[in-house]
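Engineer: For reference, the structure I am asking about is given below.
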Amino acid sequence: MNFRMTFSRSALFASIALLTLVLASPPTAVAQEKSLYVRLGGYDAISAVVDDFASKLFADPVVGKRFFGMGDDTRAGFRQKNKNLVCIATGGPCKVISRPAKVVHGGLGIKASEFDIVVNHLVDTLNKFKVPEKEQQELLTIIGSLRPDIVEVEDK
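One rule links them: number in the numbering used here = place in the sequence shown (from 1) + 1105.
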């Protein structure tokens, strides 16, 4: 019984020392910075942004022509693939359900000016949803990295 009491006190002191050490230690940069996915508001927020953004693309007089003839089901699939892509690219738990950007856009002759229209619609949507500047810039950097795989015609 005396051994248990000694062990319990030792365990208690060790626990207090460990807790003190953890609480006194500065948090790591990784612990301080949440993923872009979390900072954007998670899946539901990304879903709302992509829905609004896609509607703007479908209605645009220039890039909307690229979606001509798509039925409601195909448009829903486009939205879902883009939700998953944004989710994955920002650190979320989604799975890839589409092909690489270079494959999807290859041979379409997409112009730089069309890519810029798409980015402008995204910025308008992010502003509409009051996404902070830092998160907007991080997302736009990700989207911008896809430009070489999407744009085939430099028309500027």
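Note that beta-carbon positions come from the ideal geometry of N, C-alpha and C, so glycine has one too. Since this is a predicted model, take the numbers as computed values, not measurements.
1) Go through its chain and collect everything with a Cβ distance to P1214's Cβ below 8 Å, but skip five positions before and after it.
2) Cβ of V1168 within 8 Å of Cβ of L1162?
3) Unbroken alpha helix (DSSP H) runs of length 4 or more, entirely within the region 1160 to 1208: which are they?
4) Can you tell me whether N1232 is buried or exposed? The criterion is at least 16 other CB atoms within 10 Å of its CB, across all chains shown.
5) Are three or more beta carbon pairs between the region 1219 to 1230 and the region 1172 to 1183 nearer than 8 Å?
6) Give the straight-line distance between the Cα atoms of Y1142 and A1194, rounded to the nearest whole angstrom.
7) I'd like to confirm the pairing. Which residues does DSSP put opposite K1216 in its beta bridges?
8) Is it buried or exposed, A1181, if we count other Cβ atoms within 10 angstroms and call 16 or more buried?
9) Compute the distance between the beta-carbons of I1254 and A1206, then report whether it is under 8 Å.
10) Just to confirm my understanding: we take V1201, look at its own chain, exclude 5 residues before and 5 after, and list those with CB closer than 8 Å. What are they?
11) Measuring only the C-alpha atoms, how far is V1248 from G1197?
Structural biologist: Answer, in terms of the structure:
1) For the record, residue 1214 in the displayed sequence is Gly; it is not Pro. Within the same chain, G1214 has close Cβ partners E1257 and V1258.
2) yes
3) 1177 to 1194
4) exposed
5) no
6) 8 Å
7) V1258
8) exposed
9) Here residue 1254 turns out to be Asp, not Ile, going by the sequence shown. Yes, the pair counts as a contact, with Cβ atoms nearer than the cut-off.
10) N1189, L1190 and I1193
11) Per the sequence presented here, residue 1248 reads as Ile, with Val not at that position. C-alpha separation (whole angstroms): 16 Å.
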